[in-house]
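Asker: In my numbering, each residue carries its 1-based index in the sequence shown increased by 19. Note that CB positions come from ideal geometry on N, CA and C, so glycine has one too. Take a look at this one; I'll ask things after.
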Amino acid sequence: MSGVSVSKRVLRTTVAAAAAGAVAFAPLAPLAQEGGAGADPISIRIGANAEFTRLEFAGVIGARSRVRREGRDVIVRIGSTAAPDVSRLKVDPPKGVEKVETRAVQGATELVLTLAEGADARNGSADGVVYVNLFASAPDAPPPVAVAPSTVPVTTRATPTKVSMTFQWDKPVGAAIFRRGAAVWVVFDAPARLDMTGARQLGPASDAHWTAAADHIAVRIAAPEGLAVSAVARGTSWTVVIGGQPVAVAGVPVERADTGEAVLVARMAGATKAIWLTDPLAGDRFAAVTALAPGKGFADRRRTIDMALLPTAQGMAVEATAEDLGILAETDRVTFSRPNGLILSPPSAVLDAGADESGAPRKAKFPALILAEWADVGHAGFSTRYRQLQDAAAQEAMAAGEDPRASAEARFALARFLVGSGLGYEAVGVLNNIVAKAPNMAGEPELRGLRGAARASIGRMEEAEGDFAAAAVAGDPASAMWRGYIASTQGDWAAARQAFAAGAVAADAFTPLWRARFGAAHAQAALETGDLPAARALLAYSFSQGAPAADQLTAHLVQAKLFEIDGQSDRALAVYTAVSRAPLDAVSVPAKLGVVRLSLAKGKMKPGDAAKELEALRWRWRGDATELAVIRQLGQLYLSQGLYREALTALKGAGPGLNRLEGAADIQADLGDAFRMLFLEGGADGLQPVQALGLFYDFRDLTPIGADGDEMVRRLARRLVDVDLLDQAAELLKYQVENRLEGVAKAQVATDLATVYLMDRQPEPALQAIWGSRSTLLPGALNAERRALEARALTQLGRYDHALEILGDDATSEAREVRAEVFWKQQKWLQAAALYEARLGQRFADPAPLTAEEEARLIRAGVGYSLGHDSAGLNRLSRNYRPFIAGARAKTALSIALDDDGVEPGDFAALTASADTFAGWVTAMKDELKTKTGGNRAAAPARPQAAAPATRPAA
20 MSGVSVSKRV LRTTVAAAAA GAVAFAPLAP LAQEGGAGAD PISIRIGANA EFTRLEFAGV
80 IGARSRVRRE GRDVIVRIGS TAAPDVSRLK VDPPKGVEKV ETRAVQGATE LVLTLAEGAD
140 ARNGSADGVV YVNLFASAPD APPPVAVAPS TVPVTTRATP TKVSMTFQWD KPVGAAIFRR
200 GAAVWVVFDA PARLDMTGAR QLGPASDAHW TAAADHIAVR IAAPEGLAVS AVARGTSWTV
260 VIGGQPVAVA GVPVERADTG EAVLVARMAG ATKAIWLTDP LAGDRFAAVT ALAPGKGFAD
320 RRRTIDMALL PTAQGMAVEA TAEDLGILAE TDRVTFSRPN GLILSPPSAV LDAGADESGA
380 PRKAKFPALI LAEWADVGHA GFSTRYRQLQ DAAAQEAMAA GEDPRASAEA RFALARFLVG
440 SGLGYEAVGV LNNIVAKAPN MAGEPELRGL RGAARASIGR MEEAEGDFAA AAVAGDPASA
500 MWRGYIASTQ GDWAAARQAF AAGAVAADAF TPLWRARFGA AHAQAALETG DLPAARALLA
560 YSFSQGAPAA DQLTAHLVQA KLFEIDGQSD RALAVYTAVS RAPLDAVSVP AKLGVVRLSL
620 AKGKMKPGDA AKELEALRWR WRGDATELAV IRQLGQLYLS QGLYREALTA LKGAGPGLNR
680 LEGAADIQAD LGDAFRMLFL EGGADGLQPV QALGLFYDFR DLTPIGADGD EMVRRLARRL
740 VDVDLLDQAA ELLKYQVENR LEGVAKAQVA TDLATVYLMD RQPEPALQAI WGSRSTLLPG
800 ALNAERRALE ARALTQLGRY DHALEILGDD ATSEAREVRA EVFWKQQKWL QAAALYEARL
860 GQRFADPAPL TAEEEARLIR AGVGYSLGHD SAGLNRLSRN YRPFIAGARA KTALSIALDD
920 DGVEPGDFAA LTASADTFAG WVTAMKDELK TKTGGNRAAA PARPQAAAPA TRPAA
């Protein structure tokens, strides 16, 4: 039976059914289908009543449909590339729908329902289906449920100089009460209506107006500016007093966050929410932060660049000068922040003044700047200078104790000295100790700059990145220089150039040593981004700083690369060779890589020797762009030698720890390209099938997602079938069917899987593969192929009548072949003989020798006519094909089968063995698999394979 599964029951969602009344379901036009409705991946149902039409999308794929609205178009995205048959919807669209169409998109099909003017649609999911309700006219919105707000009586007691206003709530509410100019604001965090009949006497206040919203109510009371404001909570009521003597309230402390972030934190117990309001006279926006009783307020006025905190009698009030100011109220704290941090004074601004240590390293102009004078030890020498600064720092730390406001100047002086002297580890320890004693110092620009510089100088680039990413040093040009230096070590050349440009104003203020290092790193970034003039100028700048020879090695590496680009390979090789002898791996490893690359190009080094050198370099220097360059060079070298396993192993050596680097994407691209070359473009065709299978299994995680990955598996399975490794081929295809594919693609691969099972004489798994991948959306040719395979499997199980029922009136060549096999098995000789002769067609007109498959058909045709006693048919065969006996493979069998005297019973067994059509079918299926997977083209030339992977050197 074919057709889309159409349910004739009422809607499964009982609530929807009750709302809609009786629903009549109409079937859609039948779709091609191979099984019952229970297995349909897409099942479309339609029902209608007087109010609306309902479409339901069910099934494994249909239930995952997604619905969106674009103007008048309702678009249903179905996760299948084969379009469902919606001809019924197109011919007779539902009420309110102008037209229905389908369109193919990447990986799916979209059903587009264009609504008529005034029509509407609702969609959702329930009971395992996705539904769309279509209305000819927009349904009336249900009337909103009226929730009557509570009424709060307000009473006043007034004198000429003072007024008390009481708000008699029936539940505890949070409040914010404060003065803003010539008005007093009273804000509550709950909606209500105010009964002001008892508040007509306002004393010194002139008027009071209130506004309500869904989550709050605000009262504005006009009152002269000289009058004090206070608030008192009694039970659930709030009393606001304007005039008289001011009443002190519990203060709300506001401090910088302990974490050092550029945010302010107010400690206010019972804080409930921040409410933004607009002043009706001034027109500006401000915020009130409400809090529960007892009373608490902010008694001071505090202003920053981003905001201003107003004095309050209860809660908090904030005027924002920054549009992106964020206020978060959380039970006992209120946080004020901006996406990039508030603009605040550094934490050191509130520290006590430190003792004036004459001769101590002074603070630099920029937070991350290193001054040459910091390393000055004077006449007493390094040890005396170090001990002097260390003692001062220790005394300061002991005197500070746990006081976060104590001076840290002596400790900063020690850190400057250590950074300037190149003692990065010790400097990091001192600065970490400062943060441990006073966590808010993590927001101090100088601490971030010094610690980042110390960490970068000792190679801790990731930790240094964290310091230089802090908001405290975001605008520091010296920090930008460090960010450029870090980016260059990670191979992110574009980011390095951008950062160096941002920090140019601070470059000449660094020590000559760091000017030379920054210049070399910037030159390398310019070289890698193709700006050769800038690279030469920066290289000259680096050499002009007079840095020690060891610190000029990086510049010499850049110089060698410039020689190489200019075509001066001999000079480049000489510089690389000289630098490679340096005892510093940071420069000798990239230099040695240059030696290997140029020596290979000049033919001075054999590939095997180069591979050994590169394998050794992999373990000498780890964790940055140099390691990636070595790995990539090694992988390309192995690929050029045909050492595929070694190449893939080397490229995968760039583990997850290097993914953060810019060049990691190139390594992954090389891995993917190599795997595609091997298993999609025929590169592995030169390997033995077992070798190719082992290589695929060892690196199967590189299989790309999508059509390319599936094609790789099919090609490899075809190669295994060629050498009769049928179990292994079936395992590959079965994994694809069960884990990676859906829809038409799944059915295609499942068809190949069933074919392999039948080649291996396993009809039961073949049937499972066919039945488990049924779909209503398959092309006709694929459906015919699957029917023939299903019938062949049933034939192998002896279920001949069921096989013929499956074939029906299918007249394709595959179906006729299987039908002939069934008749032969049923000993219906004449029907079988007629089909076998028909399969031969006019073959007798071609004098070329018969193929083995054609001989088998001819023998069976002759035997069938003989055993069916059809002399005319046998004579016709004998007359047409007797000339082919001389060149036949089975001369005796063919001679007996075409003998006019017929077949003797004793000859039947021998003739049956000679007419094995199954072997011919297997051969034909192998050829078909080759055609499907491109295996019929010329194989790639075989490449030599190493007996074993190259031995890794000791780390």
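#1: If I measure Cβ to Cβ from LEU816 and keep anything under 6 Å in the same chain, skipping five residues before and after, which residues do I get?
#2: To the nearest angstrom, how far is it from the Cα of ALA461 to the Cα of ASP422?
#3: Leaving out five residues on either side along the sequence, give the residues of the same chain with a beta carbon under 6 Å from the beta carbon of VAL131.
#4: What is the residue span of the alpha helix (DSSP H) that GLU547 lies within?
#5: Taking the beta strand (DSSP E) that GLU120 falls in, what are its first and last residues?
#6: Is the beta carbon of ARG516 less than 7 Å from the beta carbon of VAL492?
#7: Nearest CA to the CA of TYR819: which residue from THR831, VAL841, ALA803?
#8: Could I get the ranges of all uninterrupted alpha helix (DSSP H) runs contained in the segment 686 to 758, with 4 residues as the minimum, in chain order?
#9: Please give the ranges of any alpha helix (DSSP H) in the segment 307 to 351, keeping only runs that are unbroken, at least 4 residues long and fully inside the region.
#10: Please name the residue in LEU592, ALA593, ALA610 whose C-alpha comes closest to that of SER599.
#11: Going along the chain, which residues of its own chain have a beta-carbon closer than 7 Å to the beta-carbon of SER507, five neighbours each way excluded?
#12: Just how far apart, CA to CA, sit VAL649 and ASP704?
#13: Whole angstroms is fine: what's the gap from VAL266's alpha carbon to ARG198's?
#14: Look up ASP214 in the DSSP assignment and say whether it is helix, strand or coil.
#15: Is the distance from the Cβ of VAL151 to the Cβ of ASN142 below 7 Å?
#16: Smallest Cα separation from ALA140: which of SER156, VAL105, ASP146, ARG898?
#17: Counting only runs that start and end within the segment 796 to 820, where is the alpha helix (DSSP H) found for 4 or more residues in a row?
#18: Considering only their Cβ atoms, is the gap separating GLY892 from TYR884 smaller than 7 Å?
#19: Should ALA194 and GLN333 be called a contact, given that it needs their Cβ atoms to be closer than 7 Å?
#20: Considering only the alpha carbon of each residue, which of PRO60, ASP495, ALA127, LYS109 lies closest to ARG85?
#21: In this structure, does DSSP put THR297 in helix, strand or coil?
#22: Where do the N-terminal and C-terminal ends of the beta strand (DSSP E) with LEU361 fall, by residue?
#23: In the DSSP assignment, what residue or residues form a beta bridge with GLY262?
#24: Assuming THR354 and VAL284 form a contact by the criterion Cβ under 8 Å, report the distance between their Cβ atoms to the nearest whole angstrom.
#25: Let me make sure I understand the geometry here. Which of ALA773, ARG88, ALA394 has the alpha-carbon closest to that of ALA810?
#26: Run the CB neighbour count on TRP188, radius 10 Å, all protein chains shown included, and call it buried at 16 or more, exposed below.
#27: Is the segment 214 to 226 close to the segment 301 to 311, with three or more CB pairs under 8 Å?
#28: Between the Cα of ALA233 and those of GLU634, SER563, ALA211, spot the shortest distance and give me the residue it belongs to.
#29: Tell me whether the beta-carbon of LYS753 lies closer than 7 Å to the beta-carbon of SER792.
#30: Measure the alpha-carbon distance for ARG534 versus GLY510 and round it to whole angstroms.
#31: Just to confirm before moving on: does the CB-CB distance between VAL273 and ALA242 stay below 7 Å?
#32: Alpha carbon to alpha carbon, how far is ASP743 from ALA907? Give it in angstroms, no decimals.
#33: Taking the alpha helix (DSSP H) that ARG470 belongs to, which residues open and close that run?
#34: Roughly how many angstroms lie between the CA atoms of VAL173 and PHE207, to the nearest whole one?
#35: How about the segment 59 to 74 and the segment 787 to 806: do they share at least three Cβ pairs that are nearer than 8 Å?
#36: Measure the alpha-carbon distance for GLY1 versus GLY565 and round it to whole angstroms.
Answerer: With the given structure in hand:
#1: Reading the sequence shown from its first residue, position 797 is the one you call residue 816. So the qualifying residues of the chain are PRO782.
#2: Here residue 461 corresponds to residue number 442 of the sequence shown, with the count starting at 1. Here residue 422 corresponds to residue number 403 of the sequence shown, with the count starting at 1. Roughly 16 Å between the two C-alpha positions.
#3: Sequence index remark: in the sequence shown, residue 131 carries index 112 (1-based). Short of 6 Å from the beta carbon of VAL131, and not among the five residues preceding or following it, lie these beta carbons of its own chain, in chain order: ASP92, ILE94, GLU120.
#4: Looking up residue 547 in the sequence shown gives position 528. 531 to 547 is the extent of the alpha helix (DSSP H) around GLU547.
#5: Taking the first residue of the sequence shown as position 1, residue 120 is located at position 101. Element bounds for GLU120: 116 to 124.
#6: Here residue 516 refers to the residue found at position 497 of the sequence shown. Here residue 492 refers to the residue found at position 473 of the sequence shown. No, the pair does not count as a contact, with Cβ atoms beyond the cut-off.
#7: Here residue 819 refers to the residue found at position 800 of the sequence shown. Looking at the Cα atoms, VAL841 is the closest of the given residues.
#8: Correct list: 708 to 717, 726 to 741, 745 to 758.
#9: As far as the segment 307 to 351 is concerned, it has no whole alpha helix (DSSP H) run of at least 4 residues.
#10: Counting from 1 along the sequence shown, the entry for residue 599 is found at position 580. Considering only alpha carbons, the answer is ALA610.
#11: Locating residue 507 in the sequence shown gives position 488, where the first residue counts as 1. Here the set comprises ALA515, ALA540, GLN543, ALA544.
#12: By 1-based counting over the sequence shown, the position of residue 649 is 630. By 1-based counting over the sequence shown, the position of residue 704 is 685. If you take the alpha carbons of VAL649 and ASP704, they lie about 28 Å apart.
#13: Looking up residue 266 in the sequence shown gives position 247. Looking up residue 198 in the sequence shown gives position 179. When rounded, the distance between both Cα atoms is 14 Å.
#14: Taking the first residue of the sequence shown as position 1, residue 214 is located at position 195. If DSSP states are grouped into helix, strand and coil, ASP214 belongs with the strands.
#15: Locating residue 151 in the sequence shown gives position 132, counting from the first residue. Locating residue 142 in the sequence shown gives position 123, counting from the first residue. Cβ distance < 7 Å, so VAL151 and ASN142 count as in contact.
#16: Start at 1 with the first residue of the sequence shown, and residue 140 comes out as number 121. Of SER156, VAL105, ASP146, ARG898, the residue nearest in Cα terms is SER156.
#17: Listed in chain order, the complete alpha helix (DSSP H) runs (minimum 4 residues) inside the segment 796 to 820 are 799 to 815.
#18: Mapped onto the sequence shown, residue 884 falls at position 865. Mapped onto the sequence shown, residue 892 falls at position 873. Going by C-beta atoms, TYR884 is nearer than 7 Å to GLY892.
#19: Working through the sequence shown from its first residue, we reach residue 194 at position 175. Working through the sequence shown from its first residue, we reach residue 333 at position 314. Yes, these two residues count as a Cβ contact at 7 Å.
#20: Counting from 1 along the sequence shown, the entry for residue 85 is found at position 66. Residue ALA127 is the option with its Cα nearest to ARG85.
#21: For the purposes of this step, residue 297 is taken as the residue at position 278 of the sequence shown. Annotated three-state conformation of THR297 is strand, per DSSP.
#22: Stepping through the sequence shown from its first residue, residue 361 is reached at position 342. Element bounds for LEU361: n/a, residue is neither H nor E.
#23: Position 243 of the sequence shown, counted from the start, is the residue given in the question as residue 262. The partner list for GLY262 (beta bridge, DSSP) reads LYS181.
#24: Taking the sequence shown and counting its residues from 1, the one referred to as residue 354 is at position 335. Taking the sequence shown and counting its residues from 1, the one referred to as residue 284 is at position 265. The Cβ separation is near 6 Å, so the contact holds.
#25: Locating residue 810 in the sequence shown gives position 791, counting from the first residue. Comparing alpha-carbon positions, the option among ALA773, ARG88, ALA394 lying closest to ALA810 turns out to be ALA773.
#26: The residue labelled residue 188 in the question sits at position 169 within the sequence shown. Looking at its Cβ environment, which holds 16 or more other Cβ atoms inside 10 Å, TRP188 is buried.
#27: Flag = no, the segment 214 to 226 and the segment 301 to 311 do not touch.
#28: If you number the sequence shown from 1, residue 233 lands on position 214. ALA233 has its Cα closest to that of ALA211, out of GLU634, SER563, ALA211.
#29: For the purposes of this step, residue 753 is identified with residue 734 of the sequence shown, where counting begins at 1. For the purposes of this step, residue 792 is identified with residue 773 of the sequence shown, where counting begins at 1. No.
#30: Looking up residue 534 in the sequence shown gives position 515. Looking up residue 510 in the sequence shown gives position 491. Taking the CA atoms as reference points, ARG534 sits about 20 Å from GLY510.
#31: Residue 273 sits at position 254 when you count from the first residue of the sequence shown. Residue 242 sits at position 223 when you count from the first residue of the sequence shown. For the 7 Å CB-CB criterion, VAL273 and ALA242 do not form a contact.
#32: If you number the sequence shown from 1, residue 907 lands on position 888. If you number the sequence shown from 1, residue 743 lands on position 724. The straight-line gap from Cα to Cα measures roughly 26 Å.
#33: Counting from 1 along the sequence shown, the entry for residue 470 is found at position 451. 464 to 476 is the extent of the alpha helix (DSSP H) around ARG470.
#34: As a working note, residue 173 is residue 154 in the sequence shown. As a working note, residue 207 is residue 188 in the sequence shown. When rounded, the distance between both Cα atoms is 13 Å.
#35: Yes: at least three Cβ pairs fall under 8 Å.
#36: Only positions 20 to 974 of the chain appear in the structure, and residue 1 is not among them; the question remains open.
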